[in-house]
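Worksheet: one structure, shown below.
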Amino acid sequence: MKLKGRKVVGGKAEGELIVSQKPLSFLGGVDPETGIVTDAESDIRGQSIAGKILAFPRGKGSTVGSYVIYALKKNGKAPKAIIVGEAETIVATGAIIAGIPMVQGIDVSKLRSGMKVKVDADSGEVEVEEG
(Lines of atoms letter the chains of each structure in order from A and count residues from 1; the text may use other names and numbers.)
(Lines give C-alpha, C1' and ligand atoms only; values in the text may rest on other atoms or scores of the structure.)
Protein backbone atom coordinates (compact mmCIF):
# COMPACT_ATOMS: atom_id res chain seq x y z
CA MET A 1 0.00 0.00 0.00
CA LYS A 2 1.34 3.43 -0.96
CA LEU A 3 0.13 6.58 0.72
CA LYS A 4 0.80 9.98 -0.80
CA GLY A 5 1.38 13.10 1.25
CA ARG A 6 3.64 16.14 1.10
CA LYS A 7 7.24 16.70 2.16
CA VAL A 8 7.92 18.78 5.23
CA VAL A 9 11.56 17.69 5.71
CA GLY A 10 13.26 15.66 2.99
CA GLY A 11 15.03 12.38 3.42
CA LYS A 12 14.39 8.65 3.43
CA ALA A 13 13.96 6.12 6.20
CA GLU A 14 12.57 2.67 6.71
CA GLY A 15 11.64 0.66 9.72
CA GLU A 16 8.92 -0.30 12.15
CA LEU A 17 5.98 2.00 12.78
CA ILE A 18 4.81 3.22 16.14
CA VAL A 19 1.39 4.81 15.68
CA SER A 20 -0.64 7.06 17.94
CA GLN A 21 -4.21 7.73 16.87
CA LYS A 22 -4.24 10.73 19.24
CA PRO A 23 -2.41 14.07 18.95
CA LEU A 24 0.99 13.97 20.65
CA SER A 25 2.61 16.53 22.95
CA PHE A 26 6.41 16.45 23.02
CA LEU A 27 6.90 18.88 25.92
CA GLY A 28 6.14 16.78 28.99
CA GLY A 29 4.83 14.02 26.74
CA VAL A 30 8.07 12.43 25.52
CA ASP A 31 11.19 11.94 27.65
CA PRO A 32 14.08 13.42 25.61
CA GLU A 33 16.61 11.24 27.48
CA THR A 34 14.93 7.90 26.74
CA GLY A 35 12.45 8.43 23.88
CA ILE A 36 9.67 6.97 26.06
CA VAL A 37 6.18 8.49 25.61
CA THR A 38 5.01 9.83 28.98
CA ASP A 39 1.89 11.78 27.89
CA ALA A 40 -0.88 10.51 30.21
CA GLU A 41 -3.49 10.90 27.43
CA SER A 42 -1.45 9.06 24.80
CA ASP A 43 -2.46 5.67 23.44
CA ILE A 44 1.26 4.80 23.12
CA ARG A 45 2.22 5.82 26.67
CA GLY A 46 5.17 3.82 27.98
CA GLN A 47 6.47 2.94 24.52
CA SER A 48 9.70 4.15 22.94
CA ILE A 49 9.78 6.14 19.71
CA ALA A 50 13.58 5.79 19.43
CA GLY A 51 14.66 4.39 16.08
CA LYS A 52 11.07 3.84 14.90
CA ILE A 53 8.94 5.58 12.30
CA LEU A 54 6.54 7.72 14.33
CA ALA A 55 3.02 8.39 13.02
CA PHE A 56 0.33 10.51 14.66
CA PRO A 57 -2.49 12.85 13.54
CA ARG A 58 -0.91 16.14 14.73
CA GLY A 59 1.11 17.67 17.52
CA LYS A 60 -0.24 19.61 20.47
CA GLY A 61 1.17 21.68 23.29
CA SER A 62 3.92 24.21 23.80
CA THR A 63 6.34 25.48 21.18
CA VAL A 64 9.11 24.16 23.43
CA GLY A 65 8.11 20.76 22.02
CA SER A 66 10.26 21.63 18.99
CA TYR A 67 13.33 21.61 21.22
CA VAL A 68 12.30 18.28 22.77
CA ILE A 69 12.38 16.78 19.26
CA TYR A 70 15.84 18.31 18.75
CA ALA A 71 16.98 16.94 22.15
CA LEU A 72 15.72 13.47 21.17
CA LYS A 73 17.94 13.65 18.08
CA LYS A 74 20.98 14.87 20.05
CA ASN A 75 20.48 12.05 22.57
CA GLY A 76 20.13 9.36 19.88
CA LYS A 77 16.51 8.68 20.88
CA ALA A 78 14.66 10.32 17.96
CA PRO A 79 12.37 8.56 15.51
CA LYS A 80 13.87 7.74 12.09
CA ALA A 81 11.03 9.65 10.42
CA ILE A 82 7.75 11.36 11.31
CA ILE A 83 4.41 10.85 9.53
CA VAL A 84 1.52 13.17 10.40
CA GLY A 85 -1.96 13.95 9.20
CA GLU A 86 -1.48 17.67 9.82
CA ALA A 87 1.93 19.29 10.18
CA GLU A 88 1.51 22.08 12.68
CA THR A 89 4.35 24.45 13.53
CA ILE A 90 5.68 22.74 16.68
CA VAL A 91 6.40 19.35 15.14
CA ALA A 92 7.46 20.76 11.76
CA THR A 93 10.00 23.08 13.39
CA GLY A 94 11.33 20.25 15.56
CA ALA A 95 11.76 17.96 12.55
CA ILE A 96 13.49 20.73 10.60
CA ILE A 97 16.03 21.61 13.30
CA ALA A 98 16.66 17.92 14.06
CA GLY A 99 16.89 16.90 10.39
CA ILE A 100 14.25 14.19 10.74
CA PRO A 101 12.43 13.25 7.48
CA MET A 102 8.77 14.24 7.78
CA VAL A 103 5.69 13.74 5.62
CA GLN A 104 2.29 15.36 6.19
CA GLY A 105 -1.17 14.73 4.78
CA ILE A 106 -1.19 10.99 5.54
CA ASP A 107 -4.30 9.31 6.98
CA VAL A 108 -2.69 7.72 10.05
CA SER A 109 -5.87 5.74 10.80
CA LYS A 110 -4.70 3.38 8.00
CA LEU A 111 -1.47 2.66 9.89
CA ARG A 112 -0.81 0.30 12.80
CA SER A 113 2.11 -0.08 15.17
CA GLY A 114 4.43 -2.87 14.11
CA MET A 115 3.93 -2.38 10.37
CA LYS A 116 7.12 -2.06 8.31
CA VAL A 117 7.24 1.08 6.16
CA LYS A 118 9.50 2.97 3.80
CA VAL A 119 9.29 6.75 3.97
CA ASP A 120 10.43 8.80 0.99
CA ALA A 121 9.84 12.28 2.32
CA ASP A 122 11.38 13.84 -0.81
CA SER A 123 8.44 12.55 -2.86
CA GLY A 124 5.96 12.59 0.05
CA GLU A 125 5.37 8.83 -0.18
CA VAL A 126 4.91 6.24 2.53
CA GLU A 127 5.01 2.62 1.40
CA VAL A 128 3.62 -0.03 3.74
CA GLU A 129 5.21 -3.44 3.21
CA GLU A 130 2.63 -6.13 2.54
CA GLY A 131 2.54 -9.41 4.43
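Counting from 1, one number per residue, gives the positions in the sequence shown under UniProt numbering. Here a beta-carbon is modelled for each residue, glycine too, at the ideal position from N, C-alpha and C.
- Here ALA81 is bridged, per DSSP, to ILE53.
- Between the alpha carbons of GLU14 and GLY59 lies a distance of about 22 Å.
- Taking C-beta atoms as the reference points, GLY105 and GLY10 fail to come closer than 8 Å.
- The residue among VAL108, SER25, LYS118 with its C-alpha nearest the C-alpha of ILE69 is SER25.
- Counting along the chain, VAL8 sits inside the beta strand (DSSP E) bounded by residues 6 to 9.
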